[in-house]
Structures are given as structure tokens and as C-alpha cells.
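Counting the sequence shown from 1 gives a position; our numbering is that position plus 34. Below: the structure, in C-alpha cells.
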Amino acid sequence: MRAARGKEGASLARPRGAALLGLLAASALLALALQSFPGAGPCWGANGTRGCPRPARRPPPALLDELSRRQRDLLRLATSAGDTELGLSRGGRLGCGDLSRVTELGVVGSGFTKLVLRAALPGAGAIALKSVHRAGSDVSRCVQRYGHPAGCHRLASYKLLKEVTLLQRLDHPGVVKLHGQCYDNSLDPEIRVIAMLELGSPLEMIQLLQTPWEERFKICLSLVKLLFYLAHSPLGSIVLLDFQPRQFVMVDGNLKVTDMDDASTEELSCKEDNDCTLDFPGKSFILKCTAAGKCDGLNEKKNLFNAYRYFFMYLLPHTAPSALRPLLGDILNATGDLRYGINETLGAFEKVLHLYKSGLYLQKRLPLLKEYITLKGFRTMEMQDYKCWPSYSHLGCLLSIYNAEEAAAICNSQPQCQSFIVTQQRTWTGRPLASFRSSLTDLIPDVNAVLYIKRSAP
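Next up, the structure:
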């Protein structure tokens, strides 16, 4: 992979300055993106001089129309921030010159439009490099239709430029970080536009279904917080048009959206309520047409229903604490029928989180710890033991608890359990982990552990 040098490349890294400079930079970026077609502006030769040494065939009119629409969409997005400060610090510090330093390149994956590579960069660690995927279906179908590979590649490049523009302006823990970007008209067309992003691992729903409920609730809560931000973003309400689990990645155990090229800030115009129909497989909703001629909350509710059908249905109810299941059922019903908006949904999730962290969900019962001998400062030797589902460990039964009383209730409900150890390990909610055992092994001193043994244990 060649790096941009001298006048050959133009980095898209944004300065930490006034928003006006940011908008000027976006306009310059757009000009660069247009420069390779005759009549669309000057282009740079490999020697850094202006002019087009090899005249390119002009795209057919229909393709030019599509390019113009993408251009207008990008311009509208680039200027929608107005004159306020909107996440300029997320513009990224890496540029074209940094590409010469990348090592350990490997393919992460590819989609309809983009190719994603993994790379190591001194001082920045592992990053993801996104570029247009020439062999992807977006470019291939376009070439079959128009017979103009360069124009079709440019059409796909607009989607990547749009994603970069959005990531520059969106500042939220649920949005993947933009480390930098490069536009270089002298590079091979397939890597002409490159986005340098935070590297995450693909979201594996089957694996998530096997994780403890607390971790699955965290994923859903993170998604709700992201959708709340998108509904009230500095750019207006943003809808993820291609809302699929594959658009998300996990970074250090946190859910983040990584594909933003199909996001939109447009609000659907209407004359009557019937113009505001949301259609999903097997279900349709009619929203209100406001006096301003816009469908009320359509972007927000489209995101919310997709979150329900792709995430909440599968991750929320299974193995949840029994006392919380009615509240979780209310969330599922209200989001599945779109009776809740994102504000109400976030409030409901935060209520569940409060009950769970505070232990208020626990049913009152007679004290059970009196049935146990307590040994502070000891634990048993770690070894494979009986398993429970879903456990934090594949070697045994390791569960999140509110306190030792809850752990005693769990131990009493499991015929194999003869003892349990409460450790200083904590989950993301601050709850301790307890390891449940079927037999006693050698005791080991551990100031951070407390061992509870059933008085009736053999």
C-alpha cells in the first residue's frame, strides 16, 4: 500500500478550530472527490501537476445523475452542522502519510461496498482501514449496468466519504472512533479513499445468546443509549437505513455502530398520516403527519423497532432474574408495538438497571446464611466443577450476585451446590461474582475472598 506524499495526497484530518474551517475542509474534500471526470473539475497527475494526462471517458448520463445525487447528499450533510462546534475533535489525527507506517495487514471482512483491513500502526496500535471494495456487489452491479468502472468506483466512494463526514460530527461511546482519513487521487482507485477507524470484532449473536443475562442487558442498554443520541444528534434525527447486527462491532466489551454509510438525516415529508407508513416484515405502523409536513418521529421509531426485532427479542428475556421479567416484558411489548418512543424506552431500561444494581428486585425471604459456615480470607483450589447456564466461566458455575444472601439462595436452589466463594471480581454493574462448588478441595488463603460452606455439607 502506497502512502500519499507531497502534493499527491490530501488528508481529510480536521483541525481543532472553528466549525467554519471544518465546513471549508468538507467542501475541499468534495472537490477532490469530483476531480477525476472531464468537465467535473481539475485532476492531479502522479507528478503533482494539475491537468489530466490521460483523458477519461465521461460516464453515461444516468450514472452522472446518480453521482450528482450523491454529491448533493454529501454537501447537504457537510453543511448541516451550521456554524456550531460539532465533534471536531473526532476528526482524527492520522492522515495519508501514516499509511506508509502500517504493518501486519490482514483482511477483516468485506461487504457490498467496502473492504475492511486490519493494520498495526506504531503509536496507535491496531486500527481498521476501510476502502471501497472493487469486487463488491455495489460496484459490480453498477459496472454491469453502466459499463464505467471508474464512475462506479467513484459512486461507491461517495458512501465512504459520507461515513467519514458523519463520524467526524458524531461524538458518542456507541459510535466507532474515527482515527483519521486520507484522500489521494494518485493512489490505485481501489484505495483512493481510506478511513482509519477504531478496530472492533464482529458482533456474534449466537455467542451473545450464551453469555450471562447481565452482559446481554448491557448490549441492549448501550444500543438504547446510542439510539437516544441519534434521535437527538447535532445533525438532527438520524436513521440507520441498513439496521442489521452486522453494522455493529464489539470494542473492549462495548457495542458500537461501525457502518454509517446508509445513515440518513432526512425526515420523510407528508400530506396525511397514510404517507407516514413504516413497513416491516409482518407488521406495519402509521405515524402522525405533523403540521410542518413531516412524519412525526419516523427515523427514531424505525431505529427502535429494528432494535426490538434484531436485539431485544433475543437478548432481553432469557435467564433474566424472575422479578425483572414483567418489566422486561413491558419493554418488549411497548417497543414491539411502537407505543414507546426512545425517551420512554431509555427510561424503562434505566429503571431495570436501578432495580438490578440496588438489589430491590430481590424477593423477601428468610435469612439463609445462617445455614452456612463463613470462612473469611479463604477460597478453595480452582478446578473444574459442575456447570450452570449462563456462567461467566466455562469451567464451572460463576454467577453475578447482589450479596451473599442471594448467593445462598442460588446455592440452595442447585442440588449440586455445597459451598460458594464470593470474590472481589466485579461485573460492569459493580456486582461481585460468586463461584458455586459441589465439593470442598484444599483451602487456599486469599484476603479478597470469603468462603461459605453448607453446614449440612458432607
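Glycine included, each C-beta is placed from N, C-alpha and C at the ideal position.
Bounding residues of the alpha helix (DSSP H) (the contiguous stretch that carries residue i)
| i | result |
| --- | --- |
| Tyr263 | Trp247 to Ala265 |
| Ser191 | Pro183 to Arg203 |
| Gln215 | Premise fails: Gln215 lies in the beta strand (DSSP E), Leu212 to Asp218, not in any alpha helix (DSSP H). |
| Asp364 | Arg359 to Gly370 |
| Ser434 | Element bounds for Ser434: not the alpha helix (DSSP H) but the beta strand (DSSP E), Cys431 to Ser434. |
| Ala96 | Pro95 to Thr113 |
| Phe339 | Leu332 to Ala341 |
Proximity below 8 Å, CB of residue i to CB of residue j
| i | j | result |
| --- | --- | --- |
| Cys329 | Asp313 | no |
| Gly131 | His167 | no |
| Val484 | Lys404 | no |
| Leu274 | Asn377 | no |
| Ile455 | Arg489 | no |
| Val173 | Ala190 | yes |
| Phe383 | Asn340 | no |
| Pro246 | Ser434 | yes |
| Leu389 | Leu358 | yes |
| Arg465 | Tyr436 | yes |
| Lys335 | Leu372 | yes |
| Ser114 | Leu269 | yes |
| Leu332 | Glu301 | yes |
| Thr475 | Glu248 | no |
| Tyr342 | Gly370 | yes |
| Gly267 | Leu289 | At residue 267 the sequence reads Ser, which differs from the Gly that was named. No, Cβ-Cβ distance for Ser267 and Leu289 is not below 8 Å. |
| Ile161 | Ala169 | no |
| Ile228 | Gln215 | yes |
| Thr311 | Pro424 | no |
| Ser303 | Gly327 | yes |
| Gln281 | Thr292 | yes |
| Lys148 | Ser134 | no |
Whole-number beta carbon distance between residue j and residue i, since they are thought to touch under 8 Å
| i | j | result |
| --- | --- | --- |
| Gln452 | Ala491 | 4 Å |
| Leu380 | Lys259 | 7 Å |
| Leu163 | Asp295 | Between Asp295 and Leu163 the Cβ distance is about 15 Å, and since that is not below 8 Å, they are no contact. |
| Ile279 | Leu243 | Note on residue identity: the sequence assigns Pro, not Ile, to residue 279. About 12 Å; that fails the 8 Å criterion. |
| Lys196 | Leu111 | 6 Å |
| Gly143 | Val150 | 5 Å |
| Tyr486 | Ala438 | 7 Å |
| Ala297 | Ile272 | 5 Å |
| Cys254 | Leu350 | 6 Å |
| Leu108 | Tyr217 | Leu108 to Tyr217, Cβ: 13 Å. No contact. |
| Ile478 | Met415 | 6 Å |
| Leu261 | Arg188 | Between Arg188 and Leu261 the Cβ distance is about 32 Å, and since that is not below 8 Å, they are no contact. |
| Leu402 | Asn446 | 6 Å |
| Thr463 | Asn482 | In fact, because the Cβ distance is near 19 Å, the residues do not count as touching under 8 Å. |
| Gln459 | Tyr420 | Incorrect: roughly 19 Å between the Cβ atoms, too far for contact. |
Where the beta strand (DSSP E) through residue i begins and ends
| i | result |
| --- | --- |
| Lys479 | The sequence given here has Pro at residue 479, not Lys. Taken as a continuous stretch (DSSP letters only), the beta strand (DSSP E) holding Pro479 covers Leu477 to Lys488. |
| Ile376 | Where Ile376 is concerned, there is no enclosing beta strand (DSSP E), although the alpha helix (DSSP H) it sits in stretches over Ile376 to Ser392. |
| Ile240 | Looking at the DSSP string, Ile240 is not in any beta strand (DSSP E); the run it does join, the alpha helix (DSSP H), is Met239 to Leu243. |
| Thr147 | Unbroken run through Thr147: none, as it is neither H nor E. |
| Glu232 | Val227 to Glu232 |
| Leu321 | No beta strand (DSSP E) contains Leu321, which DSSP labels as neither H nor E. |
| Asn288 | Asn288 to Val291 |
| Phe314 | Thr311 to Phe314 |
| Phe282 | Phe282 to Val285 |
Contact test: residue i Cβ vs the ligand HEM heavy atom, cutoff 7 Å
| i | result |
| --- | --- |
| Thr461 | By its list of ligands, the structure shown contains no ligand whatsoever, and the ligand HEM lies outside what it can speak to. |
Any chance the region 284 to 296 sits against the region 204 to 218, with 3 or more Cβ pairs inside 8 Å?
yes
Is there contact between the region 196 to 210 and the region 173 to 183, where contact requires at least three CB pairs shorter than 8 Å?
no
Determine, using beta-carbon pairs with one atom in the region 360 to 373 and one in the region 334 to 346, whether at least three such pairs fall under 8 Å.
yes
Is it a yes or a no for the region 230 to 237 touching the region 408 to 424, going by three-plus beta-carbon pairs under 8 Å?
no
Take every Cβ of the region 420 to 435, pair it with every Cβ of the region 465 to 473, and state whether three or more of those distances are shorter than 8 Å.
yes
Where are the alpha helix (DSSP H) runs, 4 residues long or more, that stay fully inside the region 395 to 469, in chain order?
438 to 447
Complete beta strand (DSSP E) runs within the region 128 to 173 (minimum length 3 residues, chain order):
137 to 144, 148 to 155 and 159 to 166
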